[in-house]
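So the sequence shown is numbered by my numbering: it starts at 2 and just counts up by one.
Heads up, the thing below is written out as structure tokens.
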Amino acid sequence: MNPSSDLCNKAAGSLKSAKDREQAAFLIEAMAEDRPDDLSLAYHTAMEVGPRWREHIGNSLKRLPETQTILERLDA
């Protein structure tokens with residue numbers, strides 16, 4: 002096993018995760034403006050899937066505080 006190869010794979014995975022979060026943030030912001038009811042339903046459905054989903058969603062939202070605020074305001 003090549004340590005530098007492992008490092009490259011981790012870096013690529015980290016970049017992909019960051020890109021995925023950016024895309025999610027963009028879509029959530031757009032849906033909050035245009036289709037807030039659909040966004041609320043999708044968010045609540047995802048949170049009901051199970052504890053692992055809630056954990057992953059929560060971890061992502063910790064890195065996206067503005068997106069977390071948008072989702073919290075859906076139920077306000």
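Virtual Cβ for every residue (Gly too), placed ideally from N, Cα, C.
All values reported here derive from a predicted model rather than from experimental measurement.
Under DSSP, the alpha helix (DSSP H) around residue i begins and ends at which residues?
i	result
D38	37-49
K53	A quick correction: the sequence has Arg, not Lys, at residue 53. Element bounds for R53: 52-63.
L72	66-74
Do residue j and residue i have their beta-carbon atoms positioned less than 8 Å apart in this structure?
i	j	result
L42	A33	no
Q69	L62	yes
A47	I58	yes
R22	R64	yes
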